[in-house]
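Protein chains in written order, with full-length UniProt numbering: chain F, 1 to 369; chain H, 1 to 315. The beta-carbon is built from N, C-alpha and C at its ideal position, and this holds for glycine as well. Taking it in order: structure first as structure tokens, then the write-up.
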Amino acid sequence: MGFLDINRATKSYGAVKVLHETDISIDEGEFLVLVGPSGCGKSTLLNMIAGLEEITTGDIAIKGRSMNGVRPAERNIAMVFQSYALYPNMNVAQNIAFGLEMHGVPKPERDKAVAQVAELLQINHLLDRKPGQLSGGQRQRVAMGRALVRDPDVFLFDEPLSNLDAKLRVDMRTEIKKLHQKLRTTIVYVTHDQIEALTLSTRIAVMFGGHVQQLGTPKEIYDRPANMFVAGFMGSPSMNLFPATIAVENGRAVAKARKSGGEVTLPFAEGRGFEAQAGREIVLGLRPEAITDRDGADHRSRAVHVIEVPVEITEPAGSDTFVMAHLGGKEVTGRFRADVDVRPGQVFPFAINMEKAVAFDPRTEARIA
Amino acid sequence: MATDLSAEASAAAIKPVRQAPPSGSHGSSQVIRTGGAARIVIYLILALFCLYYLLPLYIMVVNSLKPLSEITAGGMMALPRDWTLSPWASAWSTAQIGVAATGLRPFFLNSILMVVPAVAISTVLGAMNGYVLTKWRFRGDTWVFGLLLFACFIPFQMVLIPMARMLGLVGLAGTVPGLIFVHLVYGIGFSTLYFRNYYQQFPTELVRAAQIDGAGFFTIFRRIMLPSSGPIAVVCVIWQFTNIWNDFLFGASFSDFDSQPMTVALNNLVQSSTGVKEYNVHFAGAIMAALPTLLVYIVAGRYFVRGLMAGSVKG
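Written as structure tokens, this is what we have:
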């Protein structure tokens with residue numbers, strides 16, 4: 001049993017089931033990110049943890065205590081909202097202290113707590129201002145201060161960065177990560193941004209259609225996605241998925257895929273157990289960084305295979321150049337080093353790192369290996 | 001494609017330069033420029049309308065400040081030759097109202113005693129209703145709101161007899177509290193409508209944040225909702241005050257002699273059939289009856305400021 005346990009929790013509005021049976025358990029100090037496209041049920045799940053939405057069936061427990069029927073105020077949680085939700089009629093200090101005031105903390109202690117949090121978030125100079133006089137980033141800090149001051153068991157973040165501009169978002173992301181490392185608090189964080197999910201979390205729950213598709217560490221999610229949805233959703237550019245067929249050549253399992261004017265043969269790394277499945281149709285998954293130029297390939301990998309493929313488009317992105325080509329009838333993207341001289345129309349050697357390859361069942365979309 | 005991009009780029013480059021001078025120069029291009037002659041015509045027309053609207057007030061004021069003899073001698077439009085405040089004094093404290101020579105003073109007091117609680121209670125209850133109907137929604141809330149709205153559309157005359165029966169049953173007939181009750185019942189429909197529509201725009205996340213912070217139903221209402229309700233409260237108060245103060249029908253129907261509001265007393269003053277018609281006193285009384293609503297507009301209008309909500313959410 002963990003610090004926060006979600007046991008077979010579901011949520012329905014009338015006949016519409018927005019969250020199917022969900023089991024998640026995290027330990028104290030973990031940073032759980034719920035990620036998925038809009039309407040996947042992630043915010044609903046967060047509101048259920050907060051007590052703002054009732055659980056239809058199942059149970060949510062914090063520190064072993066069931067939260068069914070416990071009011072939000074009595075769950076010892078704090079929440080940061082997407083819109084910040086600062087009380088417009090109170091100044092920053094009053095905003096931060098409001099929760100303490102409601103819990104009957106005496107004034108001198110409140111002032112002390114507010115001063116501490118303001119120090120931590122570097123908002124001391126803003127304490128007398130009204131929310132209307134603050135910039136987006138400052139409001140964000142105040143909203144976090146309001147959550148921090150309560151010293152809750154669990155912090156809930158509901159897409160806290162989505163209202164900030166791109167630059168500030170990256171800064172605040174780092175700041176939240178620093179804060180978590182410093183305070184070691186338990187956090188549940190909702191976002192639709194897969195980069196936020198990968199950078200911040202200790203564990204990620206990828207959600208889609210009211211189901212948790214996969215729960216795992218960022219590395220597990222990235223390297224071994226449970227199904228094609230997770231593979232496509234996490235990572236940018238997303239994982240290349242193209243149809244292939246398993247065959248055995250010289251006792252070794254290979255994947256055969258169509259390319260323009262022929263076929264490529266990609267030998268799997270040894271010990272993946274594909275030998276017994278000759279003839280099986282699969283969807284092969286390769287991250288863009290596993291498709292690169294010859295010199296950019298991972299030197300420690302024992303399964304780099306070079307194929308010649310015509311280049312369709314190149315997209316120089318500064319640090320890398322993304323190169324598109326066709327494999328298995330699908331457009332695939334490779335991440336090349338920036339200074340490689342590669343041009344559209346050229347037939348170019350692509351180095352494929354088959355150690356990183358994953359295979360999915362085309363029908364169930366689940367990962368085979 | 002290439003030309004598009006460059007056009008966009010140059011537009012982006014020019015933009016800051018254009019915006020640099022103070023906003024005045026930017027706005028002036030949108031004002032329609034008119035020649036001197038046209039401008040004179042516009043002002044003339046406007047002045048004419050001002051005169052047209054102010055004329056009745058002028059007549060009331062000047063005639064309330066002159067002796068009766070000057071009025072009966074003709075010359076309603078003329079300024080007083082003998083300036084006097086005695087019509088005002090008479091209307092306030094000695095004029096014959098119905099059977100007693102009390103002036104309007106006790107009835108003015110009645111109206112104040114009626115209008116202040118009625119406005120205050122209907123505004124607070126309307127705010128509460130709006131709060132519940134938008135932030136604590138329940139099954140069938142739209143129906144409840146629809147029925148409340150009905151109060152805004154039922155003609156006054158329709159409820160006179162049932163209301164009289166009701167007031168009699170609860171023992172409030174012919175009293176100021178009875179009038180307060182009647183105006184409350186009618187006022188809540190409007191105040192609910194105002195506050196519900198206003199709170200509909202109020203971010204629900206604020207209520208949720210307060211819930212997590214540990215605030216209950218009434219604390220959220222008092223500490224979060226009400227402090228942000230300034231503009232709509234002013235609108236509601238002006239509306240309710242004007243309506244209740246100016247009401248004649250309910251006042252005439254449901255009050256006794258000692259609980260009559262100002263409007264009914266003013267009617268009795270003007271209609272009293274004994275003696276000569278003291279037009280100057282009537283004018284003074286009519287102005288007195290109109291002053292409080294005027295005052296409410298002047299005082300409350302100053303607080304009619306929008307934008308109190310700015311900054312609660314992303315701005």
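What is the rounded straight-line gap between the Cα of residue i and the Cα of residue j?
i	j	result
residue 314 (chain F)	residue 337 (chain F)	12 angstroms
residue 285 (chain H)	residue 92 (chain H)	7 angstroms
residue 262 (chain F)	residue 168 (chain F)	48 angstroms
residue 56 (chain H)	residue 110 (chain H)	27 angstroms
residue 240 (chain F)	residue 165 (chain F)	29 angstroms
residue 375 (chain F)	residue 216 (chain H)	Here chain F has residues from 1 to 369 only, and residue 375 (chain F) is not among them.
residue 104 (chain F)	residue 128 (chain H)	25 angstroms
residue 174 (chain F)	residue 70 (chain F)	33 angstroms
residue 136 (chain H)	residue 85 (chain H)	56 angstroms
residue 376 (chain F)	residue 358 (chain F)	No information on residue 376 (chain F) is available, as it lies outside the stretch 1 to 369 that chain F covers here.
residue 45 (chain F)	residue 342 (chain F)	47 angstroms
residue 71 (chain H)	residue 183 (chain H)	38 angstroms
residue 177 (chain H)	residue 151 (chain H)	20 angstroms
residue 51 (chain H)	residue 267 (chain H)	28 angstroms
residue 183 (chain F)	residue 223 (chain H)	31 angstroms
residue 40 (chain F)	residue 153 (chain H)	44 angstroms
residue 279 (chain F)	residue 330 (chain F)	20 angstroms
residue 158 (chain F)	residue 82 (chain F)	5 angstroms
residue 108 (chain H)	residue 262 (chain H)	5 angstroms
residue 189 (chain H)	residue 152 (chain F)	43 angstroms
residue 145 (chain F)	residue 117 (chain F)	6 angstroms
residue 354 (chain F)	residue 305 (chain F)	7 angstroms
residue 110 (chain F)	residue 122 (chain H)	37 angstroms
residue 160 (chain H)	residue 245 (chain H)	18 angstroms
residue 60 (chain F)	residue 29 (chain F)	18 angstroms
residue 40 (chain H)	residue 270 (chain H)	43 angstroms
residue 80 (chain F)	residue 349 (chain F)	49 angstroms
residue 270 (chain F)	residue 192 (chain F)	36 angstroms
Nearest CA to the CA of residue i: which residue from the options?
i	options	result
residue 370 (chain F)	F:202, F:281 and F:91	This structure does not reach residue 370 (chain F), given that chain F is present from 1 up to 369, and the question cannot be answered.
residue 103 (chain H)	H:39, H:147, H:156 and H:258	H:258
residue 115 (chain F)	F:95, F:342 and F:163	F:95
residue 139 (chain F)	F:256, F:305, F:161 and F:369	F:161
residue 320 (chain F)	F:301, F:293, F:127 and F:197	F:293
residue 276 (chain H)	H:198, H:40 and H:95	H:95
residue 31 (chain F)	F:151, F:24 and F:180	F:180
residue 11 (chain F)	F:2, F:48, F:227 and F:228	F:48
residue 321 (chain H)	H:148, H:43, H:63 and H:238	It is not possible to answer for residue 321 (chain H), since the shown part of chain H is limited to 1 through 315.
residue 370 (chain F)	F:211, F:228 and F:318	This structure gives no information on residue 370 (chain F), because the portion of chain F shown stretches from 1 to 369.
residue 9 (chain F)	F:66, F:28, F:112 and F:33	F:66
residue 211 (chain H)	F:362, F:34 and F:52	F:52
residue 155 (chain H)	H:47, H:98, H:249 and H:200	H:249
residue 43 (chain F)	F:170, F:100, F:339 and F:188	F:188
Count the other CB atoms within 10 Å of the CB of residue i; is the residue buried (16 or more) or exposed (fewer)?
i	result
residue 298 (chain H)	exposed
residue 278 (chain H)	buried
residue 208 (chain H)	buried
residue 155 (chain F)	buried
residue 77 (chain H)	exposed
residue 265 (chain F)	exposed
residue 116 (chain H)	exposed
residue 24 (chain H)	Because the pLDDT of residue 24 (chain H) is 42, which lies under 50, any placement of that residue in the model is unreliable, and the question is left without a value.
residue 122 (chain F)	exposed
residue 74 (chain F)	exposed
residue 118 (chain H)	buried
residue 251 (chain H)	buried
residue 28 (chain H)	For residue 28 (chain H), the pLDDT reaches just 48, beneath the cut-off of 50, and the residue's location in the model is therefore unreliable, leaving the point undetermined.
residue 147 (chain H)	exposed
Inset, instruction - Check whether the region 210 to 228 of chain F touches the region 309 to 327 of chain F, counting contact only when three or more Cβ pairs, one atom from each stretch, lie closer than 8 angstroms. - result: no
Inset, instruction - List in chain order: all unbroken alpha helix (DSSP H) runs of 4+ residues lying wholly within the region 170 to 211 of chain H. - result: 176 to 200
Inset, instruction - Output the residue ranges of the beta strand (DSSP E) runs that lie fully inside the region 13 to 60 of chain F and measure 3 residues or longer, sorted by chain position. - result: 16 to 26 and 31 to 35
Legend entry - Runs of alpha helix (DSSP H) lying entirely within the region 59 to 128 of chain F, each at least 4 residues, in chain order: 92 to 102 and 107 to 121
Legend entry - Contained beta strand (DSSP E) runs [length at least 3] in the region 239 to 293 of chain F, N- to C-terminal order: 240 to 249, 252 to 259, 262 to 267 and 281 to 286
Inset, instruction - Answer yes if the region 212 to 230 of chain H comes into contact with the region 288 to 295 of chain H, meaning at least three C-beta pairs across the two stretches below 8 angstroms, and no otherwise. - result: No, the region 288 to 295 of chain H does not touch the region 212 to 230 of chain H.
Legend entry - Touching by the beta-carbon criterion (3+ pairs, under 8 angstroms), the region 269 to 285 of chain F and the region 240 to 257 of chain F: yes
Legend entry - Cβ contact check for the region 18 to 28 of chain F and the region 39 to 59 of chain F: 3 or more pairs under 8 angstroms: yes
Inset, instruction - State whether the region 228 to 243 of chain H contacts the region 156 to 167 of chain H, with contact taken as three or more CB pairs (one from each stretch) at a distance under 8 angstroms. - result: Verdict: no, contact absent.
Legend entry - Touch test, the region 198 to 206 of chain H against the region 247 to 266 of chain H, Cβ-Cβ under 8 angstroms, three pairs minimum: no
Legend entry - Contained alpha helix (DSSP H) runs [length at least 4] in the region 114 to 139 of chain H, N- to C-terminal order: none
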